[in-house]
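J.:
Protein chains: 2
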Amino acid sequence: MIQLYGTPRSGNTHKVRMALAFLDLPWDEQLTDAAARQSDAFAAITPMRQIPVYVEADRKLRDSQAILTYLAARHRPGDWDGHTPGERSEIALWLSHAANEIANGPATLRLARQFGAVIAEAQAQAVTARILPVIDAHLSDHRWLVGDRLTIADLAASPYLALAGEADIDLARWPAIGEWTDRIAALPGFPAMPGWPAQTAS
Amino acid sequence: MIQLYGTPRSGNTHKVRMALAFLDLPWDEQLTDAAARQSDAFAAITPMRQIPVYVEADRKLRDSQAILTYLAARHRPGDWDGHTPGERSEIALWLSHAANEIANGPATLRLARQFGAVIAEAQAQAVTARILPVIDAHLSDHRWLVGDRLTIADLAASPYLALAGEADIDLARWPAIGEWTDRIAALPGFPAMPGWPAQTAS
Numbered sequence: 002m003i004q005l006y007g008t009p010r011s012g013n014t015h016k017v018r019m020a021l022a023f024l025d026l027p028w029d030e031q032l033t034d035a036a037a038r039q040s041d042a043f044a045a046i047t048p049m050r051q052i053p054v055y056v057e058a059d060r061k062l063r064d065s066q067a068i069l070t071y072l073a074a075r076h077r078p079g080d081w082d083g084h085t086p087g088e089r090s091e092i093a094l095w096l097s098h099a100a101n102e103i104a105n106g107p108a109t110l111r112l113a114r115q116f117g118a119v120i121a122e123a124q125a126q127a128v129t130a131r132i133l134p135v136i137d138a139h140l141s142d143h144r145w146l147v148g149d150r151l152t153i154a155d156l157a158a159s160p161y162l163a164l165a166g167e168a169d170i171d172l173a174r175w176p177a178i179g180e181w182t183d184r185i186a187a188l189p190g191f192p193a194m195p196g197w198p199a200q201t202a203s
Numbered sequence: 002m003i004q005l006y007g008t009p010r011s012g013n014t015h016k017v018r019m020a021l022a023f024l025d026l027p028w029d030e031q032l033t034d035a036a037a038r039q040s041d042a043f044a045a046i047t048p049m050r051q052i053p054v055y056v057e058a059d060r061k062l063r064d065s066q067a068i069l070t071y072l073a074a075r076h077r078p079g080d081w082d083g084h085t086p087g088e089r090s091e092i093a094l095w096l097s098h099a100a101n102e103i104a105n106g107p108a109t110l111r112l113a114r115q116f117g118a119v120i121a122e123a124q125a126q127a128v129t130a131r132i133l134p135v136i137d138a139h140l141s142d143h144r145w146l147v148g149d150r151l152t153i154a155d156l157a158a159s160p161y162l163a164l165a166g167e168a169d170i171d172l173a174r175w176p177a178i179g180e181w182t183d184r185i186a187a188l189p190g191f192p193a194m195p196g197w198p199a200q201t202a203s
């Protein structure tokens, strides 16, 4: 059985949770809160002491983008990780944005607002202001980030944008982002997450 | 002819320069300094106004990790981007570290020291202190980041570590990192970069 180390409110964990749910794979969650992440036992599992961690038999994977890449290559090759060099590159672009701008912008602001983290507020605001219009512009004429289907780009980029309200970010100026996170939440099998707005009836 | 928008001292540009050189592909460089990046012409090429940008006929790619992913999938599929789901995941992990921790740690410190950028110094120091031991420990028993050969993981992660001296980072505590960047610089066709230490005779 797949073991997923994480917490219910971790957006990075939710990226993997969505993938597993959409793949219809069973998994167990290992609740790994801040105290557990400081333990020696957890350091032995992952050197960065970060969640999520994916463990399956003797396979141990860290970093949400890397876990999504594994699941795509194993279970949905091409479909979820790109059929062509061009698609693969586009997906890698959004994984970069997820790992950098989204993590250091909206996700970092949410850490401060929801969990009391001490952050570099000005930098987090600046990177947020830089990335949101780029994502919104792209989604204004694309239903999905890459191609005409869900890929791991959507799974990697969406949670901390869906959770923008918890970061005191008003997405009213960026409506295409909210429409896209609603689209993801409407997919069959989508696992609910605290703070991810319930899909509005339409 | 491939057009590469960048600067000689941009480590992100150098990731792509190394890939093109190792692939023995000809390219033209479009010198794109800070002033050029503020121009409307450049904004029309790339919404984030960042280098590098790769242009080839009607293909236009941004983000160094995404460009490496394209070049690997097109010219060295499997070899450079992973033969198995496990390798693909490991490569994605290092691309995440390149996009986030290395960019926001060593590369950001270098931006301040070399180019006068205003940075969140404490955060950049903290992320540097977190990532260097993880990379060094991995390279202490691996010649290359993934598998037993060069992959785009090495191309993405190496420049800002090779340039650590320009960020006032002393790599003496992390010798495996310097040995690995020397190993990359010793590869046939390696393009020299200002600040990347000349390979020591051995």
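Protein sequences, first through last, are from chains P and R.
Numbering-wise, the first sequence is residues 2 to 203 according to my numbering.
Numbering-wise, the second sequence is residues 2 to 203 according to my numbering.
C-beta atoms are modelled at their ideal positions from N, C-alpha and C, and glycine is treated no differently.
Measuring CB to CB, does V56 (chain R) end up less than 8 Å from M49 (chain P)?
T.: To locate residue 56 (chain R), count along the second sequence from 1; it is residue 55. To locate residue 49 (chain P), count along the first sequence from 1; it is residue 48. Cβ atoms of V56 (chain R) and M49 (chain P): not closer than 8 Å.
J.: Taking 6 Å as the limit between beta carbons, can you name the residues of its chain near A118 (chain R), skipping five residues before and five after?
T.: As a working mapping, residue 118 (chain R) is identified with position 117 in the second sequence. Taken in chain order, the residues that qualify are L112.
J.: Below 8 Å on C-beta distance, what does S90 (chain R) contact in chain P?
T.: As a working note, residue 90 (chain R) is residue 89 in the second sequence. Per Cβ cutoff of 8 Å: L62, A67, I68, T70, Y71 and A74.
J.: Quick one: list the residues of chain R neighbouring A121 (chain P), beta-carbon separation under 7 Å, in chain order.
T.: Translated into positions along the first sequence, residue 121 (chain P) becomes position 120. The contacting residues are A121 and Q124.
J.: Which of helix, strand or coil does DSSP assign to V147 (chain R)?
T.: Against the second sequence, residue 147 (chain R) aligns to sequence position 146. In this structure, V147 (chain R) counts as coil in the three-state DSSP scheme.
J.: Closer than 8 Å, CB to CB, is M19 (chain R) near chain P or not?
T.: Counting from one through the second sequence, the residue named residue 19 (chain R) turns up at place 18. So, not an interface residue.
J.: Please tell me whether G12 (chain R) has its Cβ less than 8 Å away from any Cβ of chain P.
T.: Working through the second sequence from its first residue, we reach residue 12 (chain R) at position 11. Not an interface residue.
J.: Which first and last residues belong to the beta strand (DSSP E) in which Q4 (chain R) is found?
T.: The sequence position of residue 4 (chain R) within the second sequence is 3, counting from 1. Counting along the chain, the beta strand (DSSP E) containing Q4 (chain R) begins and ends at I3 to G7.
J.: Does P9 (chain P) have its Cβ less than 8 Å from a Cβ in chain R?
T.: Position 8 of the first sequence, counting from 1, holds the residue named residue 9 (chain P). Chain R, which has no Cβ nearer than 8 Å to the Cβ of P9 (chain P), makes this no.
J.: Below 8 Å on C-beta distance, what does L96 (chain P) contact in chain R?
T.: On the first sequence, residue 96 (chain P) is found 95 positions in, with the first residue counted as 1. Within chain R, the residues near L96 (chain P) are Q66, A93, L96, S97 and A100.
J.: Looking only at C-alpha atoms, which of R:R75, R:Y6, R:Q66 and R:R10 sits nearest to A204 (chain R)?
T.: Any answer about residue 204 (chain R) is impossible in this case: the structure gives chain R only from 2 up to 203.
J.: If distances are taken between C-alpha atoms only, which option among R:P107, R:A130 and R:E180 comes closest to L140 (chain R)?
T.: Indexing the second sequence from 1 puts residue 140 (chain R) at position 139. Measuring from the Cα of L140 (chain R), the nearest candidate turns out to be R:E180.
J.: Express the C-alpha separation of P195 (chain R) and R208 (chain P) in angstroms, rounding to a whole number.
T.: Not covered by the structure: residue 208 (chain P). The range shown for chain P is 2 to 203.
J.: Measure the Cβ-Cβ separation of A67 (chain R) and S90 (chain P) and say whether it is below 8 Å.
T.: The sequence position of residue 67 (chain R) within the second sequence is 66, counting from 1. The sequence position of residue 90 (chain P) within the first sequence is 89, counting from 1. In contact: A67 (chain R) and S90 (chain P) (Cβ atoms closer than 8 Å).
J.: So is G117 (chain P) in contact with chain R if we call contact Cβ pairs under 8 Å?
T.: Here the question's residue 117 (chain P) lines up with position 116 in the first sequence. By this cut-off, G117 (chain P) is not an interface position.
J.: Going by DSSP, name the residue or residues bridged to R63 (chain P).
T.: For the purposes of this step, residue 63 (chain P) is identified with residue 62 of the first sequence, where counting begins at 1. Bridge partners of R63 (chain P): P:V54.
J.: Output yes or no for whether 8 Å exceeds the beta carbon distance between R18 (chain P) and P192 (chain P).
T.: As a first step, residue 18 (chain P) must be located in the first sequence, where it is residue number 17. As a first step, residue 192 (chain P) must be located in the first sequence, where it is residue number 191. Yes. Within cutoff.
J.: Counting only Cβ pairs nearer than 8 Å, list the residues of chain R close to R131 (chain P).
T.: Here residue 131 (chain P) corresponds to residue number 130 of the first sequence, with the count starting at 1. What R131 (chain P) touches in chain R: M49.
J.: Starting from P224 (chain P), find everything on chain R with Cβ-Cβ shorter than 7 Å and list it in chain order.
T.: Summary: the structure shown does not reach residue 224 (chain P), with chain P confined to residues 2 through 203, and so no result is reported for it.
J.: What does V135 (chain R) reach in chain P if we use C-beta pairs closer than 8 Å?
T.: By one-based count along the second sequence, residue 135 (chain R) stands at place 134. Under the 8 Å cutoff, chain P gives P48 and M49.
J.: Please state the DSSP three-state secondary structure of W181 (chain P).
T.: Here residue 181 (chain P) refers to the residue found at position 180 when the first sequence is read from its first residue. W181 (chain P): helix per DSSP, three-state reduction.
J.: Could you spell out the range, first to last residue, of the alpha helix (DSSP H) harbouring E122 (chain P)?
T.: The residue labelled residue 122 (chain P) in the question sits at position 121 within the first sequence. First-last of the alpha helix (DSSP H) with E122 (chain P): E122 to S141.
J.: Of all the CB atoms in chain P, is at least one closer than 8 Å to the CB of L188 (chain R)?
T.: Within the second sequence, residue 188 (chain R) is the residue found at index 187, counting from 1. Judged by the 8 Å Cβ criterion, L188 (chain R) is not in contact with chain P.
J.: So the beta strand (DSSP E) W28 (chain P) belongs to, where does it begin and stop?
T.: To locate residue 28 (chain P), count along the first sequence from 1; it is residue 27. Unbroken beta strand (DSSP E) run through W28 (chain P): W28 to L32.
J.: Does the beta carbon of A138 (chain R) come closer than 8 Å to any beta carbon on chain P?
T.: Against the second sequence, residue 138 (chain R) aligns to sequence position 137. Cβ-Cβ to chain P under 8 Å: yes for A138 (chain R).
J.: Tell me, please, whether the CB atom of G106 (chain P) is closer than 8 Å to any CB atom in chain R?
T.: Counting from 1 along the first sequence, the entry for residue 106 (chain P) is found at position 105. Not one chain R Cβ lies under 8 Å of G106 (chain P).
J.: Rounded to a whole number of angstroms, what is the C-alpha to C-alpha distance between A165 (chain P) and T129 (chain P)?
T.: As a first step, residue 165 (chain P) is located in the first sequence; it is residue number 164 there, counting from the start. As a first step, residue 129 (chain P) is located in the first sequence; it is residue number 128 there, counting from the start. For A165 (chain P) and T129 (chain P), the distance between alpha carbons rounds to 10 Å.
J.: Given a cut-off of 8 Å on the beta-carbon distance, is the pair A100 (chain R) and A100 (chain P) in contact?
T.: Residue numbering aside, residue 100 (chain R) sits at position 99 when the second sequence is read from its first letter. Residue numbering aside, residue 100 (chain P) sits at position 99 when the first sequence is read from its first letter. In contact: A100 (chain R) and A100 (chain P) (Cβ atoms closer than 8 Å).
J.: Determine the chain P residues that contact P86 (chain R) at a beta-carbon separation under 7 Å, and present them in chain order.
T.: The sequence position of residue 86 (chain R) within the second sequence is 85, counting from 1. Simply Y71, A74 and R75.
J.: Determine the closest residue to D59 (chain P) out of R:H76, R:P176, R:Y71 and R:G87, with distance taken between C-alpha atoms.
T.: Taking the first sequence and counting its residues from 1, one reaches residue 59 (chain P) at position 58. For D59 (chain P), the nearest C-alpha among the options comes from R:G87.
J.: Quick one: grab the DSSP three-state call for H84 (chain R).
T.: Looking up residue 84 (chain R) in the second sequence gives position 83. Three-state DSSP puts H84 (chain R) in coil, outside helix and strand.
J.: Comparing alpha-carbon positions, which option in P:T14, P:K16 and P:F23 lies nearest P189 (chain P)?
T.: The residue given as residue 189 (chain P) occupies position 188 in the first sequence. When only C-alpha atoms are compared, the closest one is P:F23.
J.: Given this structure, state the Cα-to-Cα distance separating T8 (chain P) from D25 (chain R), to the nearest angstrom.
T.: Along the first sequence, read from residue 1 onward, the residue named residue 8 (chain P) stands at position 7. Along the second sequence, read from residue 1 onward, the residue named residue 25 (chain R) stands at position 24. Approximately 47 Å, taken between the alpha carbons.
J.: Do you know offhand how far P107 (chain R)'s Cα is from E167 (chain R)'s?
T.: Stepping through the second sequence from its first residue, residue 107 (chain R) is reached at position 106. Stepping through the second sequence from its first residue, residue 167 (chain R) is reached at position 166. Spanning the two alpha carbons is a distance of roughly 9 Å.
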